[in-house]
Amino acid sequence: MLHGVMALCSKSGGLFYSKAFTKNFGLPRAASSDSHNIASLIFALQLNAASLSPSLPSAEASEQGAKGGACLRSVEMHGLRVLFGREGRLLVALFVDPELGDSASADLLTDLVASL
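If you're matching positions, the sequence shown starts at 2 in this note's numbering and goes up one per residue.
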């Protein structure tokens, strides 16, 4: 199940677009259902990707871009998987059920990022 999608600036964290298909993008008991607050959390996760991936067993990071900054590819928490895609200054977060499968989730994210 697709819970939602967000597009934000990878440099400033500014929210370009968000669409929740379930309450709070599927996040349990979120502090706020405000998409700007959730986008800020997503941006903070990306800023700290290099330090987060070793400490979170469900986090995957990859080297991205000419500057060599780490980009968090996915993180799973509270029965929700968040996938990340980056193209230039655009950062896309896709909120899905873990049962969706790696291949289907990755294909969906790739198509979404390519279409933006």
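We put the beta carbon where it would ideally sit given N, CA and C, even for glycine.
Residues near residue i in its chain [Cβ-Cβ closer than 6 Å; skip 5 each side]
i     : result
Ser11 : Arg87, Arg90 and Leu92
Ala94 : Met7, Ile43, Val83 and Phe85
Residue i classed as buried or exposed, judged by whether at least 16 other C-beta atoms fall within 10 angstroms
i      : result
Met2   : exposed
Phe26  : buried
Gly5   : buried
Leu9   : buried
Ser106 : buried
Ala40  : buried
Glu100 : exposed
Ser56  : Because the pLDDT of Ser56 is 49, which lies under 50, any placement of that residue in the model is unreliable, and the number read from its coordinates should be weighed accordingly. Exposed, because fewer than 16 other Cβ atoms sit within 10 Å of the Cβ of Ser56.
Ser13  : exposed
Ser75  : buried
Glu64  : Low confidence applies here, because Glu64 scores a pLDDT of 48, under 50, leaving its location unreliable and the question unanswered by this model.
Check whether residue i and residue j have beta carbons under 9 Å apart
i      : j     : result
Gly102 : Pro29 : no
Same chain, Cβ closer than 7 Å to residue i, neighbours up to 5 away in sequence not counted
i     : result
Lys20 : Gly5 and Val6
Phe22 : Leu3, His4 and Gly5
Residues near residue i by beta carbon distance below 8 Å, same chain, minus five either side
i      : result
Leu113 : Val6, Gly86, Val93 and Leu95
His37  : Leu16
Thr111 : Gly86
Leu117 : Ala8, Glu88, Leu91 and Val93
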